[in-house]
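Participant: Sharing a structure here in C-alpha cells format.
4 protein chains.
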Amino acid sequence: MPTKITVLFYSTYGTNHGVALEAVRAAEAAGAEVRLRRCRETAPADVVNGQDAWREQVEKMQDIPEATLDDMEWADGYFISVPTRFGVPASQFRAFVDTLGPLWQSGALANKAVTATTSAQNTHGGQETTIQSVYVTAMHWGAVIVAPGYANPIKFEDGGNPYGYSCKPGPLDETGRKSVTFQAQRLVEYAEKLTR
Amino acid sequence: MPTKITVLFYSTYGTNHGVALEAVRAAEAAGAEVRLRRCRETAPADVVNGQDAWREQVEKMQDIPEATLDDMEWADGYFISVPTRFGVPASQFRAFVDTLGPLWQSGALANKAVTATTSAQNTHGGQETTIQSVYVTAMHWGAVIVAPGYANPIKFEDGGNPYGYSCKPGPLDETGRKSVTFQAQRLVEYAEKLTR
Amino acid sequence: MPTKITVLFYSTYGTNHGVALEAVRAAEAAGAEVRLRRCRETAPADVVNGQDAWREQVEKMQDIPEATLDDMEWADGYFISVPTRFGVPASQFRAFVDTLGPLWQSGALANKAVTATTSAQNTHGGQETTIQSVYVTAMHWGAVIVAPGYANPIKFEDGGNPYGYSCKPGPLDETGRKSVTFQAQRLVEYAEKLTR
Amino acid sequence: MPTKITVLFYSTYGTNHGVALEAVRAAEAAGAEVRLRRCRETAPADVVNGQDAWREQVEKMQDIPEATLDDMEWADGYFISVPTRFGVPASQFRAFVDTLGPLWQSGALANKAVTATTSAQNTHGGQETTIQSVYVTAMHWGAVIVAPGYANPIKFEDGGNPYGYSCKPGPLDETGRKSVTFQAQRLVEYAEKLTR
Chain A
1 MPTKITVLFY
11 STYGTNHGVA
21 LEAVRAAEAA
31 GAEVRLRRCR
41 ETAPADVVNG
51 QDAWREQVEK
61 MQDIPEATLD
71 DMEWADGYFI
81 SVPTRFGVPA
91 SQFRAFVDTL
101 GPLWQSGALA
111 NKAVTATTSA
121 QNTHGGQETT
131 IQSVYVTAMH
141 WGAVIVAPGY
151 ANPIKFEDGG
161 NPYGYSCKPG
171 PLDETGRKSV
181 TFQAQRLVEY
191 AEKLTR
Chain B
1 MPTKITVLFY
11 STYGTNHGVA
21 LEAVRAAEAA
31 GAEVRLRRCR
41 ETAPADVVNG
51 QDAWREQVEK
61 MQDIPEATLD
71 DMEWADGYFI
81 SVPTRFGVPA
91 SQFRAFVDTL
101 GPLWQSGALA
111 NKAVTATTSA
121 QNTHGGQETT
131 IQSVYVTAMH
141 WGAVIVAPGY
151 ANPIKFEDGG
161 NPYGYSCKPG
171 PLDETGRKSV
181 TFQAQRLVEY
191 AEKLTR
Chain C
1 MPTKITVLFY
11 STYGTNHGVA
21 LEAVRAAEAA
31 GAEVRLRRCR
41 ETAPADVVNG
51 QDAWREQVEK
61 MQDIPEATLD
71 DMEWADGYFI
81 SVPTRFGVPA
91 SQFRAFVDTL
101 GPLWQSGALA
111 NKAVTATTSA
121 QNTHGGQETT
131 IQSVYVTAMH
141 WGAVIVAPGY
151 ANPIKFEDGG
161 NPYGYSCKPG
171 PLDETGRKSV
181 TFQAQRLVEY
191 AEKLTR
Chain D
1 MPTKITVLFY
11 STYGTNHGVA
21 LEAVRAAEAA
31 GAEVRLRRCR
41 ETAPADVVNG
51 QDAWREQVEK
61 MQDIPEATLD
71 DMEWADGYFI
81 SVPTRFGVPA
91 SQFRAFVDTL
101 GPLWQSGALA
111 NKAVTATTSA
121 QNTHGGQETT
131 IQSVYVTAMH
141 WGAVIVAPGY
151 ANPIKFEDGG
161 NPYGYSCKPG
171 PLDETGRKSV
181 TFQAQRLVEY
191 AEKLTR
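Structure (C-alpha cells):
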C-alpha cells in the first residue's frame, strides 16, 4: 500500500500554490498517493474580489478540494505550505487548524510525519519563524517533524533554511524546485518508515 | 492627555474575557483611557450555536465593540489576551491581525507598547509559546514589547510566566487578578513613557 | 542489531540527572542499547565548589562519561535532558553543541531521532521555550523530532507539555517516571523505524 | 545625565565585532554613554589557537574589556550582537548569561531596553530564530524589547529582519551600517524614554 500524503496549502497570490504543486509531483514520483488540498478562503468575498490578483488566484484553485478532517486522518504525512503574516502562518491556515479539535481528541492526528514551507515578502520577514510556528502546532498533534536540515546539498544553495524551504513571492525557480522536491521526497521516505 | 490603551481579546468560553475586563479596570485605575475590543467571531454560526457555552459567551460580549483598524491606530499600547490553539493564538485573533496590512504599510502600527496573556487547557499546553507568538507578530509591527518578566513579586506566585500572565480556563482567581493588574499597570506606565 | 540511543544531559543539582537515569532504564527496557552521557561542566571550579549542592552533584556524576562527538555519531536517536537558564538550555549544553560543527559538516548528525525534556524553577519559566530551543538546534542537524504530543494518556496527567516532559526541580515523582518512560519508549520506537 | 548603553557581543571571526563597533559609534552619536564589552572566550585555548582566523580575532579584541555583572547593572539598555550556532546564540554568550542569576534575583536586570542582531552562514540559517532566542532570555530579565520592526525605510533594504539586523559573515556593508545605526539610535531613544 503506498504511503499517503496530504499536501495542505493556502495561497493568496500563487506562491504557495506553486510550491504545493511541486510537492505533489515529487511525492507522487516518490511513490506516494497524494491528496492536494487547500485551506478554505475565509476573507470576505468583497475583499478578495477587490483585488484582481487575489480573485484570479481563487479562480485558479477552484478545482482543488478544500481540506477536510478526513484529509488529515487519512494521510501518513503532511506537506504544509503557507505564507507568513507577521511572522506566523496566514489565518486561513489557522482557521482550518482550529477545526481539528475533535480529531486531536480522538488521537487521529498523532504520529503523522510533517514538513513545512513558507514564503514572505522580505528575506528575513518570517521565513524561519513561520515554519517554526507550524511545527509548534504539529507537536501538539503528536506529529513527527521531518525538517530538511542540511541533509542534502541543495540546502546550501536554496538559502539554507533548515526548517523548510522558504522563498519570496513568485514562481518557483529551478533551485526552489529541487529543494521542494528533496523535502517532499524526504517526507515520503520518513512517512513510509513511520508507518511500517 | 491620558495614555491610550486598547485591550484586545478573543474569548470562546469566557476566560480571556475575564482577563480583559481585569486589564481594563487596572489600566483605567492607572490613569489610562481604555478601549475594550473583541476580535470578531469567525467560526460559522451553526458551530457557535451548536455549543451552549460558546453561544452564551458570544451573547455576553454583544455590547463589546469588535476591534477595528482605528482601535489599533488610536492606542499608545495594546493589552492582548487570547487563548491558545495548538500552541499559537486562536484563529479569530489571527483573522483580525491579517486585516492590519494597510496600517502596517502606513507605519501607523509602529512604536506601540504591547503586552500579552493567554490561557490553555494544559499547564504546559502552549502557555509560553502562544504569548511568544503574539510577540513575534508585534515585532513585525515595530512594537515595543513590555513583558512582565519577574519585575514584581506576584510573578513568583502566579506560575511565573515571564512572557505574560497565563492560566487554565475559568474565572480569574485572586492571584490572577493581581498578576493581570501588575501587567496592565506596567503596560500603561511604559506606554506613557514611550509617548512622552 | 538493537537501536542505539544516547541519553545526553546536563544537571546542576540533580533533576535532569534523575530524568536521564529514568530515560536510560526505559530505553533499555524497550530493547535499545544506551549510552548515558553528561555535558562537561564548564563553570569555573571555584564556582562549583562554592555551592555544596552543586559540588555534590558533580561528584555523583563522576562515573558518567562526558559526551563526545562519537556518542552523537554512534546513536540512532538522542534523548536530551537539560535545565532552563532564562528560557533556553544551560550553557554547558550549548558549549557541547558548539563542538559539533565538524560532525554536522560531514553529515554525520543527520537523520537522528530526537526528543527533549527540561526543568525550570517556575511552572511557566521556560518549560516550553527551552525544549523548543533544543528542537530548533536539532532541526539544523537534520534530525527527526519525536515530541510526545498527547499521544499517550499520561500527557493529560503530567502537566501536558506536548514538546517534552518538563518539571520543577526535584526527584521524579511517579507521574514523571511514567511520562519519561513513555517519551523514551516512543523515541526508541521511532528511532528503530527510522533506521530500518 | 546621558543614557547608558552596554554593547555586548561575541565574535569568533569578526562579523559581530564589526556590528558592535558600528553600534557603539551610532549610540555615542545619539548622545549615549557607551560601554563596549565582549563575552569571554570559553573555547579551549588550543581550539582557538588551532585556527588562525579565530586566534587573530581574539588578538584584535584584547583591548575590549570582558563583560561583567556591573556592565549589565550599569546600563539603561543593551545592544546585543551574537553569531548563531545551530539556530541560537553561541555558547560564549550563553556562558556569560548563565552568570547573571544573582543580578536577576536582586531585580537589577529588570526594565532595561534590549535590542539584538546576529549573523549566520546561511541566509535562513538562524538569522531570525537566534534573535528571538535572545529576546526570550531578555523577557526573563524583565527587559523591554526594542526590535526595529519596519519602523525605518532601511528595513526594506537590509533583508527586512524585523527582530533585528542580521547578515552573513563578513564586514558590514553600507546598508548594514545604516541598519545597525538605525537600530542603535532607536535603542538609545527608547532607553532614554524608559528611564525618564
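Chains as they are written, first to last, in the UniProt record's numbering: chain A, 1 to 196; chain B, 1 to 196; chain C, 1 to 196; chain D, 1 to 196. We put the beta carbon where it would ideally sit given N, CA and C, even for glycine. Remember, it's a predicted structure, so these values are computed and weren't measured experimentally.
1. Do the region 77–90 of chain D and the region 128–138 of chain D touch if we need at least three Cβ pairs shorter than 8 Å?
2. Who are the near neighbours of GLY149/D in its chain, counting only those whose CB is closer than 6 Å to its CB and skipping five residues on each side?
3. So, at 8 Å on beta carbons, what are the nonlocal neighbours of VAL58/A in its own chain, with the 5 sequence-adjacent residues on each side left out?
4. According to DSSP, is LYS168/D part of a helix, a strand, or is it coil?
5. Strictly below 8 Å CB to CB, what residues from chain C border HIS140/A?
6. Tell whether a beta-carbon distance below 8 Å holds between SER81/C and SER91/D.
7. Which runs of the alpha helix (DSSP H) spanning at least 4 residues fall entirely within the region 61–140 of chain A, listed in chain order?
8. Pull up the distance between the alpha-carbon of GLN121/B and that of PRO102/A, whole angstroms please.
9. Compute the Euclidean distance between the alpha carbons of GLN127/D and TRP54/D, then round it to the nearest angstrom.
10. In chain B, which residues lie with their C-beta within 8 Å of the C-beta of ARG196/D?
11. To which residues does DSSP link THR15/B through a beta bridge?
12. Could you tell me whether the region 135–146 of chain C touches the region 178–195 of chain B, where touching means 3 or more Cβ pairs closer than 8 Å?
13. Express the C-alpha separation of GLY107/C and GLU73/C in angstroms, rounding to a whole number.
14. Who are LEU8/B's beta bridge partners in DSSP?
15. Give the range of the beta strand (DSSP E) segment to which ILE145/A is assigned.
16. Are ASP76/D and ARG35/D close, meaning C-beta to C-beta below 8 Å?
17. Label MET139/A either buried or exposed according to how many other C-beta atoms from any shown protein chain fall within 10 Å of its C-beta, with 16 as the threshold for buried.
18. Which residue marks the beginning of the alpha helix (DSSP H) containing LYS193/B, and which one marks its end?
19. Do you know offhand how far THR129/A's Cα is from GLU157/C's?
20. Counting along the chain, where does the alpha helix (DSSP H) carrying ASN161/C start and finish?
21. Short check: CB of ALA184/A to CB of ALA67/A, under 8 Å?
22. For PRO2/B, which residues in the same chain have their Cβ closer than 8 Å to its Cβ, ignoring the five residues on either side in sequence?
23. Return yes when the Cβ of LEU8/C is within less than 8 Å of the Cβ of ALA113/C, no when it is not.
24. Using C-beta distances below 6 Å, list every residue in its chain close to THR175/C, excluding the 5 sequence neighbours before and after it, in chain order.
25. Look up ASN49/D in the DSSP assignment and say whether it is helix, strand or coil.
26. Residues of chain C with CB closer than 8 Å to the CB of TYR165/A, please, in chain order.
27. Just to make sure I have the definition right: I need the residues of chain B whose C-beta is within less than 9 Å of the C-beta of THR129/C. Which are they?
28. When burial is assigned at 16 or more other CB atoms within 10 Å of the CB, is ALA20/A buried or exposed?
29. Distance check for TYR13/B and CYS167/C, CA to CA, integer angstroms please.
30. Relative to the C-alpha of TRP104/D, which residue among TRP141/D, GLY125/D, TYR10/D is closest?
31. Within 8 Å of any Cβ in chain B, is that where the Cβ of ILE154/D sits?
32. With C-beta atoms as the reference, is PRO83/B less than 8 Å away from ASN16/B?
33. Please classify ALA29/C: does DSSP put it in a helix, a strand, or coil?
34. Verify the CB distance criterion: does ALA45/C have a CB-CB separation below 8 Å to chain D?
35. In angstroms with no decimal places, state the Cα-to-Cα distance between TYR190/C and ASP52/B.
36. Using DSSP with H/G/I as helix, E/B as strand and the rest coil, what is ALA151/C?
Facilitator: Per the coordinate set shown:
1. yes
2. PRO162
3. GLU41, VAL48
4. coil
5. GLY149, TYR150, PRO162
6. no
7. 69–74, 91–97, 101–106
8. 15 Å
9. 21 Å
10. LYS193, ARG196
11. Bridge partners of THR15/B: none, in fact.
12. no
13. 10 Å
14. ARG37/B, ILE80/B
15. 144–146
16. no
17. buried
18. 174–195
19. 30 Å
20. Premise fails: ASN161/C is in no alpha helix (DSSP H) and is neither H nor E.
21. no
22. GLY31, ALA32, GLU33
23. no
24. GLU157, ASP158
25. helix
26. Near TYR165/A there are no residues of chain C at all, since even the closest Cβ is about 13 Å away, more than 8 Å.
27. GLU128, THR129, GLN132, TYR163
28. buried
29. 29 Å
30. TRP141/D
31. no
32. yes
33. helix
34. no
35. 41 Å
36. coil
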